[in-house]
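Visitor: Chains as they are written, first to last, in the working numbering: chain A, 159 to 404; chain B, 34 to 324. Structure provided below as structure tokens; questions to follow.
Now the structure itself:
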């Protein structure tokens, strides 16, 4: 059913720390690995070893340069995946009911057996979170690793999305953003977590933590070090004198 | 947006077909027996041919029947329901006219309303998308409906109606283009809001996430088709609106002038429909520093 639920019991989502992300793309690879081997159709590649490789990814890391008026430019790595929006436009446009938002935890999923591959949900998503798989011809998107987070066959520390488990910098956090006392909600509150494209009215669940203010780095060229000993002594002093006379 | 030929053919042909079905439904011209057969055959060929073309861009056309289920939320589903209802109702209307020469006005009018409803729901599929500011305006359904009614009137031999509707559609088209050219910058979505980093400084895409292309870039960031946009606009305007109108004014409403005008109009609409997709910019391009 493509009508959105009025409310969801939980709002599971990610909090991504733009201050901490180092842009290593480990989350991209672990996402591709987990989601190729598990839930739904594999994330295929076309022409993988050829001249023009292309493939399906549910998570991609952009890098942006931000130049303040006075201080030097900063480089900010920017992981982007489905934001599991409360008002998800990708869900309501679906003609078949394949695209849906779960009442119990707010995760937006695709029933791949009902997907006709029309692509309209990808058109409706402002974030580019959905990609049509080139092999299976169905729409793929982040499942928030729904097959990990409730999986009692996994050790408890692994019951988080693959990207969160993998991140070596601790830049990705997972939890219930509908519960104001949860660790992720507290983090969002403390760090001023923000929505992407709020003007699109999608009410994303995932939040981004803005980079902290940087130290004031001077833009002038580095100065040479001051000499520690102006007068040379001993052998070096003799050499200095000799070279002066030559 | 990627101008998929199947979608351009679909919207152009089915627009003409459902436009003609509208005029036949309200009894202009009031045809029966052989006349009805010829008119309805043309209308159904255009409408059904267009619908079939639209299934070519589906990944799984064999599941297309599922698209009739979500009419409560999805404009694409509503379009499917409207199209099938219009074809069934007008199919019955045509059957009675062709074989019994019998016209049931109510059936025709309901079918005509459903035919217009199909064109309207087609337009709403694009209009609803906030992600494509050029489409996200009430002028889009006005454009689709006026084009469909004008093309239908040409095919149905309704000379005066065709002239007036060509004028309305032409003015709407120009207005739609002019608004569209500033729609993206007026939408308020830019790289600053897309990244949330605008409060720090000027944001620039430094490095894309991948060295090759991907589904998003191929589907949403299509720059090749925009190269000749101004030339294509002139072609669409001259062939689609000006020449058909001039033909009708100079040579009257005879069948040859009307048929030639209809052909020119269809060519112009196809050019306009190419631009409709090729010029449309999706906000996701911002993340890649492109539009």
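Here a beta-carbon is modelled for each residue, glycine too, at the ideal position from N, C-alpha and C.
How close, in whole Å, do the beta carbons of residue 283/B and residue 188/B come, if the pair is a contact with beta carbons under 8 Å?
Guide: Residue 283/B to residue 188/B, Cβ: 20 Å. No contact.
Visitor: Assuming residue 353/A and residue 169/A form a contact by the criterion Cβ under 8 Å, report the distance between their Cβ atoms to the nearest whole angstrom.
Guide: With a Cβ gap of about 13 Å, residue 353/A and residue 169/A do not count as contacting.
Visitor: Considering only residues of the segment 160 to 247 of chain B, which uninterrupted alpha helix (DSSP H) runs meet the minimum length of 4 residues and lie entirely inside it, listed in chain order?
Guide: Unbroken alpha helix (DSSP H) runs of no fewer than 4 residues, entirely contained in the segment 160 to 247 of chain B, are found at 172 to 188, 192 to 219 and 224 to 228, following chain order.
Visitor: So, does the segment 256 to 264 of chain B touch the segment 377 to 384 of chain A, judging by three or more C-beta pairs under 8 Å?
Guide: no
Visitor: Determine the DSSP secondary structure at residue 90/B, reduced to helix, strand or coil.
Guide: Correct three-state label for residue 90/B: helix.
Visitor: In angstroms with no decimal places, state the Cα-to-Cα distance between residue 223/A and residue 236/A.
Guide: 10 Å
Visitor: Going by beta carbon distance, what residues of the same chain come within less than 6 Å of residue 164/B, once the five residues before and after it are set aside?
Guide: For residue 164/B, where only same-chain residues beyond five positions count, the Cβ hits under 6 Å are 315 and 316.
Visitor: Taking Cβ positions, are residue 103/B and residue 253/A nearer each other than 7 Å?
Guide: Their beta carbons are under 7 Å apart, which means residue 103/B touches residue 253/A by this criterion.
Visitor: Quick check on DSSP: helix, strand or coil for residue 229/A?
Guide: coil
Visitor: Spatial neighbours of residue 298/B within its chain, please: C-beta separation below 8 Å, excluding the five flanking residues on both sides.
Guide: These residues qualify, in order along the chain: 183, 184, 187, 199, 272, 273, 274 and 277.
Visitor: According to DSSP, residue 223/A sits in a beta bridge with which residue or residues?
Guide: 233/A and 237/B
Visitor: Quick check on residue 363/A - is its C-beta less than 7 Å from some C-beta in chain B?
Guide: no
Visitor: Three or more C-beta pairs under 8 Å: does that hold for the segment 218 to 234 of chain A against the segment 63 to 82 of chain B?
Guide: no
Visitor: Rounded to the nearest angstrom, what separates residue 249/A and residue 240/B at their Cα positions?
Guide: 30 Å
Visitor: Judging by CA-CA distance, which residue of 306/B, 301/B and 285/B is the nearest neighbour of residue 191/B?
Guide: 285/B
Visitor: Would residue 352/A pass as an interface residue toward chain B - the criterion being a Cβ-Cβ separation below 7 Å?
Guide: Residue-level contact by beta carbon holds for residue 352/A and chain B, with a gap shorter than 7 Å.
Visitor: Does chain A have any CB closer than 7 Å to the CB of residue 109/B?
Guide: yes
Visitor: Out of 251/A, 329/A and 231/A, state which residue places its alpha-carbon closest to the alpha-carbon of residue 235/B.
Guide: Looking at 251/A, 329/A and 231/A, the one whose alpha-carbon comes closest to that of residue 235/B is 231/A.
Visitor: Answer with buried or exposed for residue 405/A, where buried requires no fewer than 16 other C-beta atoms within 10 angstroms of its C-beta.
Guide: Within the shown structure, residues of chain A are numbered from 159 to 404, placing residue 405/A beyond reach of any answer.
Visitor: To which residues does DSSP link residue 257/A through a beta bridge?
Guide: 268/A
Visitor: Using the Cα positions of residue 322/A and residue 185/A, report the straight-line distance between them to the nearest angstrom.
Guide: Computed Cα separation, rounded: 7 Å.
Visitor: Can you tell me the Cβ-Cβ gap for residue 160/B and residue 170/B, rounded? I've got them flagged as a contact below 8 Å.
Guide: The C-beta distance from residue 160/B to residue 170/B rounds to 7 Å, short enough to fall under 8 Å.
Visitor: Does any C-beta atom of chain B lie closer than 7 Å to the C-beta of residue 230/A?
Guide: no
Visitor: So for residue 316/A, helix, strand or coil by DSSP?
Guide: helix
Visitor: Name the chain B residues that come within less than 8 Å of residue 254/A, Cβ to Cβ?
Guide: 96, 99, 100, 102, 103 and 110
Visitor: Under 7 Å between C-beta atoms, does residue 323/B make it to chain A?
Guide: no
Visitor: Touching or not, the segment 290 to 309 of chain A and the segment 317 to 331 of chain A, by the rule of three or more beta carbon pairs under 8 Å?
Guide: yes
Visitor: Quick check on residue 291/B: does DSSP put it in helix, strand or coil?
Guide: helix
Visitor: CB residue 72/B to CB residue 49/B, shorter than 7 Å?
Guide: no
Visitor: Give, in chain order, every residue of the segment 238 to 254 of chain A whose Cβ lies closer than 9 Å to some Cβ of chain B.
Guide: So the list reads 238, 247, 249, 250, 251, 252, 253 and 254, given in the order they occur along the chain.
Visitor: From the DSSP output, in three-state form, read off residue 217/A for me.
Guide: strand
Visitor: Where does residue 153/B fall in DSSP's three states?
Guide: helix
Visitor: So who's on the other strand from residue 204/A, going by DSSP bridges?
Guide: 212/A
Visitor: Using beta-carbon positions only, say whether residue 41/B and residue 108/B come within less than 7 Å of one another.
Guide: no
Visitor: In this structure, does DSSP put residue 276/B in helix, strand or coil?
Guide: If DSSP states are grouped into helix, strand and coil, residue 276/B belongs with the helices.
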